[in-house]
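Following: one structure in structure tokens, then a few remarks.
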Amino acid sequence: MLNALGLLKERRFLPLFTTQFLGAYNDNLFKTSMVLFATYQVFNDARVESNFNALATALQILPFFLLSALSGQLADTHDKARIIRLVKAAEILIMLVGAAGLMTVRAGFVTFGIALMLTAVLCLGIHATFFGPIKYAILPQHLKEDEVLAGTGLVEAGTYLAILLGTVTAGWISIEATAITVLIVALIGWIAGRFVPPAPRQGPALVITLNPLTSSWRLISDTMHIPRLFLAICSISFFWAIGAVLIITFPPLVKNMLTASQEVASLTIAIFSIGVAIGSVVINTMLKGHISARYAPMSVIAMGALVAVFAFVARQWTPAADGHLYTVMEFATQPSAWLVIGVLFAIAITGGMFVVPLYAFLTTTVTKDQTARTVAANNVVNSGAMVVGAAIVLSLTAFGATPDMLLYMVAAMCLFAAWLAQKLHRACD
16 MLNALGLLKE
26 RRFLPLFTTQ
36 FLGAYNDNLF
46 KTSMVLFATY
56 QVFNDARVES
66 NFNALATALQ
76 ILPFFLLSAL
86 SGQLADTHDK
96 ARIIRLVKAA
106 EILIMLVGAA
116 GLMTVRAGFV
126 TFGIALMLTA
136 VLCLGIHATF
146 FGPIKYAILP
156 QHLKEDEVLA
166 GTGLVEAGTY
176 LAILLGTVTA
186 GWISIEATAI
196 TVLIVALIGW
206 IAGRFVPPAP
216 RQGPALVITL
226 NPLTSSWRLI
236 SDTMHIPRLF
246 LAICSISFFW
256 AIGAVLIITF
266 PPLVKNMLTA
276 SQEVASLTIA
286 IFSIGVAIGS
296 VVINTMLKGH
306 ISARYAPMSV
316 IAMGALVAVF
326 AFVARQWTPA
336 ADGHLYTVME
346 FATQPSAWLV
356 IGVLFAIAIT
366 GGMFVVPLYA
376 FLTTTVTKDQ
386 TARTVAANNV
396 VNSGAMVVGA
406 AIVLSLTAFG
416 ATPDMLLYMV
426 AAMCLFAAWL
436 AQKLHRACD
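Going letter by letter, the sequence shown gives residues 16 to 444 in the working numbering.
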């Protein structure tokens, strides 16, 4: 068995890791740039900002709900490496639309530019829908059984490090630079995807069902009857419902409660990404390659407690003077700044420790010819949970809920996630 980092020297893993890393970076660079641009320069109303963020999140999630079943069927029927190359070629076209949207809004044509940007977000969701099942399902084909957890942890850690870099970049470069960068990264990602080793179909050929509702229902029903898969998917989905609430809440919270600039907003999301990446590696070390939900319940309980602490600290924050937003240096000198950063970091670490082993369950419970469909079924349920999370934010915001109130709701949701994880632990270990 190779150690986790040793896999990065292997051609059977490195091109895949690089491709998914660049894709996650590009996706988050564009979306974060768009959200920060809209939050800080286009809109000037906290409710409108939250609604725009919720709409963008919902558009990105919708393809997972409608197309995950089809993507899983295609991945289990065709060479996964070939699909990766097609998907990465499409990313170049999507980023052309997104870059055009950014520049159109910058030129003052706000309505048309926002339509282009949201179209790109929707298409990025389609891109991720077809790539998502493959990046996990291909691992059992290219890795040994005792390397799958390490590979899954590296993919997860790499994803969040890419989110980190994309988020930090978005907060510090101009919209013009963003438009150029997303095109360059998409091109490099396409090149890296061409080096992924072949991963041909295993098992009998499938009859592809094109109807999204029928195929999604059949996919879920064929998967969820397995107890450990049912519990793993439910646990992951609840985690992503929590994640949807946090993703939507954070930019308005940083601007309107912490009264900080977009650079600080990108910094907080970056800190979260680092923490999840660390948690992904830590849990692999603790479990020593053994796929287990042993630490999942206490991880998500700790996460919930820390979210509640974060909400309390945010409520006690001393705001900047009217009309002023703290810069990074001004933010760092506030008395509670390092407490905010430390708690946020701890939330992210415990989140990474919770979710990574659950993804490993998905790819090791079924045979290799079913892994992509299993991940796709998980994506369908995850996307539904995230849409519910976004809808809850929209509803509660309409009734006057503040970002710190939403954080307390997240803390309560973590308790239910812990209950699901404990049931999984008892069913499997």
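Yeah, the Cβ is synthetic: ideal placement off N, Cα and C, and Gly gets one too.
Residue i, DSSP secondary structure in three states
i           : result
residue 275 : strand
residue 341 : strand
residue 1   : Only positions 16 to 444 of the chain appear in the structure, and residue 1 is not among them; the question remains open.
residue 16  : For residue 16, the pLDDT reaches just 42, beneath the cut-off of 50, and the residue's location in the model is therefore unreliable, leaving the point undetermined.
residue 320 : helix
residue 217 : coil
residue 241 : coil
residue 314 : helix
residue 478 : Here the chain covers residues 16 to 444 and nothing more, so residue 478 does not appear.
residue 305 : coil
residue 6   : Residue 6 is absent from the model: the chain starts at 16 and stops at 444.
residue 415 : coil
residue 211 : coil
residue 426 : helix
residue 59  : coil
residue 349 : coil
residue 124 : coil
residue 226 : coil
residue 25  : coil
residue 336 : coil
Residue interval of the alpha helix (DSSP H) (run including residue i)
i           : result
residue 205 : 190-208
residue 157 : 154-157
residue 106 : 95-121
residue 161 : Taken as a continuous stretch (DSSP letters only), residue 161 belongs to no alpha helix (DSSP H), as it is neither H nor E.
residue 48  : 29-52
Buried/exposed call for residue i, threshold 16 Cβ in 10 Å
i           : result
residue 344 : exposed
residue 337 : exposed
residue 199 : exposed
residue 415 : exposed
residue 2   : Lying outside 16 to 444, the shown extent of the chain, residue 2 is not represented and no answer is given.
residue 64  : buried
residue 433 : buried
residue 49  : buried
residue 436 : buried
residue 22  : buried
residue 16  : Bear in mind that the predicted position of residue 16 carries a pLDDT of just 42, short of 50, making it unreliable; the figure below should be weighed with that in mind. Exposed.
residue 143 : buried
residue 187 : exposed
residue 123 : exposed
residue 162 : buried
residue 270 : buried
residue 95  : buried
residue 353 : exposed
residue 171 : buried
Residue i Cβ short of 8 Å to the ligand PLP heavy atom set
i           : result
residue 108 : Looking for the ligand PLP in the displayed structure turns up nothing, as the structure carries no ligands at all.
Requested in this report: Check whether the segment 101-110 touches the segment 190-209, counting contact only when three or more Cβ pairs, one atom from each stretch, lie closer than 8 Å.
Outcome: yes
Query raised in the report: Are at least three pairs of beta-carbons, each pair with one atom in the segment 110-129 and one in the segment 23-35, less than 8 Å apart?
Result: The segment 110-129 is not in contact with the segment 23-35.
Report task. Report yes or no: do the segment 82-99 and the segment 142-152 share at least 3 C-beta pairs separated by less than 8 Å? Result -> yes
Query raised in the report: Between the segment 38-46 and the segment 174-183, are three or more C-beta pairs nearer than 8 Å?
Result: yes
Query - contact_flag[the segment 370-378, the segment 303-312] where n(CB pairs < 8 Å) is 3 or more - result: yes
Query raised in the report: Do the segment 68-81 and the segment 202-217 meet, that is, are 3 or more Cβ pairs less than 8 Å apart?
Result: no
Query raised in the report: For the segment 277-286 against the segment 391-407, are there 3 or more C-beta pairs whose distance is under 8 Å?
Result: no
Query - Any 3 or more C-beta pairs closer than 8 Å across the segment 201-211 and the segment 87-106 - result: yes
Query raised in the report: Between the segment 285-294 and the segment 350-367, are three or more C-beta pairs nearer than 8 Å?
Result: Result yes; three or more Cβ-Cβ pairs closer than 8 Å.
Query raised in the report: Does the pairing of the segment 418-438 with the segment 259-271 give three or more beta-carbon distances under 8 Å?
Result: yes
Query - Cβ pair count under 8 Å reaching 3, the segment 263-280 against the segment 341-355 - result: yes
Report task. Would you be able to state if there are at least three C-beta pairs under 8 Å between the segment 152-164 and the segment 240-257? Result -> no
Query raised in the report: Is the segment 389-397 close to the segment 47-58, with three or more CB pairs under 8 Å?
Result: no
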